[in-house]
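For the sequence shown, this note's numbering begins at 27 and goes up steadily by one.
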Amino acid sequence: YTHNWPYDEDAGNRPSPPVLLWSILGVLGLALGIGGVLFAHGKLEASKAADTSPRNASVLTVEKLKGFVATPGQRAAYKFFAAAASLFGLQVLAGVLTVHDFIGFTHFFGVDLAEVFPITVTRSWHLQWAILWIVACWIGASIFVLPMVSGHEPAGQGRWTNGLFGLFVFLTVGSAVGIYMGPKGHLDGLWHLLGNQGWEYVELGKLWQVLLFGALALWCFIVFRGIRPGLRRFDPSSLPTWLSYTILTVLVLFLAGFVATPETNFVIADFWRWMVVHMWVEAFLEVFTTAIVACFMVLMGLTSVHTATRVVFIGSVLFLGSGIIGISHNFYWIAKP
Numbered sequence: 027y028t029h030n031w032p033y034d035e036d037a038g039n040r041p042s043p044p045v046l047l048w049s050i051l052g053v054l055g056l057a058l059g060i061g062g063v064l065f066a067h068g069k070l071e072a073s074k075a076a077d078t079s080p081r082n083a084s085v086l087t088v089e090k091l092k093g094f095v096a097t098p099g100q101r102a103a104y105k106f107f108a109a110a111a112s113l114f115g116l117q118v119l120a121g122v123l124t125v126h127d128f129i130g131f132t133h134f135f136g137v138d139l140a141e142v143f144p145i146t147v148t149r150s151w152h153l154q155w156a157i158l159w160i161v162a163c164w165i166g167a168s169i170f171v172l173p174m175v176s177g178h179e180p181a182g183q184g185r186w187t188n189g190l191f192g193l194f195v196f197l198t199v200g201s202a203v204g205i206y207m208g209p210k211g212h213l214d215g216l217w218h219l220l221g222n223q224g225w226e227y228v229e230l231g232k233l234w235q236v237l238l239f240g241a242l243a244l245w246c247f248i249v250f251r252g253i254r255p256g257l258r259r260f261d262p263s264s265l266p267t268w269l270s271y272t273i274l275t276v277l278v279l280f281l282a283g284f285v286a287t288p289e290t291n292f293v294i295a296d297f298w299r300w301m302v303v304h305m306w307v308e309a310f311l312e313v314f315t316t317a318i319v320a321c322f323m324v325l326m327g328l329t330s331v332h333t334a335t336r337v338v339f340i341g342s343v344l345f346l347g348s349g350i351i352g353i354s355h356n357f358y359w360i361a362k363p
């Protein structure tokens with residue numbers, strides 16, 4: 027597609043034989059893939075029609091929620107939703123400031139906002155806060171659902187969750203301040219450690235990146251100790267097991283962001299920092315999203331465990347089977363290997 031592109035007869039830019047071969051193979055592969063998806067979907071529908079497993083009592087209503095009493099861990103998880111809403115608002119504000127800088131409309135009441143908040147800062151905030159508010163939502167949702175999935179909350183879950191929230195706030199505020207001070211030249215030789223690493227989607231300084239990895243590891247620990255009762259009779263395809271799979275892979279895939287250093291070859295560093303958003307966020311967080319939404323659907327009585335588990339399975343096949351290949355279309359535009 028990008029070989030000898032754009033097409034121009036006079037310049038000699040014509041599709042070469044390998045381009046034609048792989049284009050034809052790609053179209054045939056697409057047809058085969060669609061056929062496989064439709065076949066799996068048909069099998070899933072047949073399985074759903076034959077599903078006689080009971081749903082979770084009846085559909086959950088507002089009236090039934092009036093008697094709900096949250097556990098200490100669930101009450102501690104509320105703060106993550108408030109943090110996510112706040113970060114979302116700040117992300118939008120940073121985006122507004124960035125757009126105003128793009129169009130050169132930065133003077134308000136005699137103040138040049140581009141001097142106070144340079145575009146290198148506001149754009150980094152905009153991207154980084156997007157990742158952080160999404161992370162906050164999923165941390166809160168997974169911790170909240172644990173007692174309802176496992177039927178038990180271990181002692182101290184509230185304290186662990188509060189500790190995780192404190193760490194999350196510390197790294198969020200610290201990285202925001204560092205992203206501002208680094209490009210302003212206030213950190214000197216510490217810019218890479220505390221300021222802005224200079225890589226898109228991996229803006230936060232190395233210290234804050236390590237703390238974010240630590241927060242994800244602590245999240246993984248909290249979820250495992252909360253869901254452990256549901257794993258005693260191990261079933262590799264159960265919803266609690268899927269939740270464990272996805273959270274562990276979210277933790278592991280974040281390691282891609284640690285490859286880039288000031289000394290790393292640009293091609294290698296840019297490839298792996300790029301994987302943070304395209305593999306970590308767009309592939310494995312989507313699988314986690316499917317698993318956690320399936321848990322809520324079952325708990326609300328909207329579907330059975332049998333059906334929800336199969337939807338998670340086929341969703342994972344699509345995300346990880348076609349999605350990982352599909353994200354490579356980005357290589358076309360930026361000449362990646």
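Think of the CB as a built atom: it goes at the ideal place given N, C-alpha and C, for glycine as much as any other residue.
- In this structure, DSSP gives aspartate 261 a state outside helix and strand, which the three-state scheme calls coil.
- By the criterion of a C-beta distance shorter than 8 Å, arginine 101 is surrounded in its chain by Gly184, once the five residues flanking it on both sides are discounted.
- The beta carbon of glycine 121 lies closer than 7 Å to those of His152 in the same chain, with the five residues before and after it left out.
- Linking arginine 251 to glycine 61 through their CA atoms gives a straight-line distance of about 41 Å.
- Each residue's CA atom was taken as its position, placing threonine 124 and glycine 352 some 30 Å apart.
- DSSP lists no beta-bridge partner residue for valine 303.
- A residue is called buried when at least 16 other Cβ atoms come within 10 angstroms of its Cβ; leucine 281 does not meet this threshold and is exposed.
- Between the alpha carbons of glycine 115 and tryptophan 155 lies a distance of about 10 Å.
- Here glycine 208 carries a helix assignment [DSSP, helix/strand/coil].
- Each residue's CA atom was taken as its position, placing alanine 140 and isoleucine 129 some 11 Å apart.
- Taking C-beta atoms as the reference points, leucine 216 and leucine 233 fail to come closer than 7 Å.
- A direct Cα-to-Cα measurement between threonine 267 and glycine 177 gives close to 15 Å.
- Closest option to valine 171, judged by alpha-carbon separation, among Gly347, Thr315 and Trp298: Thr315.
- Excluding sequence positions up to five before and after valine 249, its CB lies within less than 8 Å of the CB of Ser168, Ile169, Leu172, Leu269, Ser270 and Ile273, all in the same chain and listed in chain order.
- In the DSSP assignment, the residues bridged to histidine 133 are Asp138.
- Judged by DSSP in its simplified three-state form, glutamate 312 adopts helix.
- Ranked by Cα distance from tryptophan 164, the first of Phe339, Thr333 and Phe322 is Phe322.
- For the pair valine 324 and alanine 334, the CB atoms are nearer than the 7 Å cut-off.
- Remark: C-beta atoms of alanine 241 and glycine 166 do not approach each other more closely than 7 Å.
- CA-to-CA, the gap between glycine 208 and leucine 277 works out to about 27 Å.
- Nearest to isoleucine 160 by C-alpha distance, out of Leu58, Ile340, Ala286 and Phe194, is Phe194.
- It is roughly 42 Å from the alpha-carbon of tyrosine 227 to the alpha-carbon of alanine 72.
- Linking valine 307 to tryptophan 298 through their CA atoms gives a straight-line distance of about 13 Å.
- The three-state reading of DSSP puts aspartate 127 in helix, counting H, G and I together.
- Between phenylalanine 310 and threonine 275, the C-beta spacing is below 7 Å.
- Inter-residue distance for proline 180 and serine 263 is about 24 Å (C-alpha atoms, whole angstroms).
- Counting the other CB atoms within 10 Å of its CB gives valine 147 a total of 16 or more, which places it among the buried residues.
- The alpha carbon of serine 201 has as its nearest neighbour, out of Val303, Gly283, Gly136 and Leu230, the alpha carbon of Leu230.
- Here the alpha carbon of leucine 244 sits roughly 31 Å from the alpha carbon of glycine 327.
- Here phenylalanine 345 is buried, its C-beta having at least 16 other C-beta atoms within 10 Å.
- Residue state for aspartate 36 is assigned as coil, using DSSP reduced to three classes.
- Apart from the 5 residues on each side of it in sequence, leucine 238 sits with its Cβ closer than 6 Å to the Cβ of Leu197 in its chain, given in chain order.
- The straight-line gap separating the alpha-carbon atoms of serine 150 and glycine 204 is approximately 11 Å.
- Assignment of asparagine 291 by DSSP, reduced to helix, strand and coil, places it in the coil class.
- In this structure, leucine 70 lies near isoleucine 340, with their beta-carbon atoms less than 7 Å apart.
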